[in-house]
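Plus 23 on top of the position in the sequence shown (first one is 1) and you've got this note's numbering. Even glycine gets a Cβ: it sits at the ideal position worked out from N, Cα and C. Structure record follows, encoded as structure tokens.
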Amino acid sequence: MFEFQQYLGFLLFLTVFTMGFWLMIFLINFVFYWIGGYLWEQFKEKRANRETLEQ
24 MFEFQQYLGF LLFLTVFTMG FWLMIFLINF VFYWIGGYLW EQFKEKRANR
74 ETLEQ
């Protein structure tokens, strides 16, 4: 059987690993959101420039 110290170490490992995993997921989503917003703004700017040139 596990001793109490080993059990605490395993719980600490799971906590740190889980926190790191969710932080990684959050940061990846944040970066994709940032890139998507940049691309959307560029698209709107090009569309607005095209509409002003046509007039």
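Cα-Cα separation between residue i and residue j, rounded to whole angstroms
i, j, result
"residue 77", "residue 54", "35 angstroms"
"residue 63", "residue 70", "11 angstroms"
"residue 43", "residue 57", "21 angstroms"
"residue 3", "residue 74", "What is shown of the chain runs 24 to 78, which leaves residue 3 out entirely."
Cβ-heavy atom distance, residue i to the ligand GTP, below 7 angstroms
i, result
"residue 44", "By its list of ligands, the structure shown contains no ligand whatsoever, and the ligand GTP lies outside what it can speak to."
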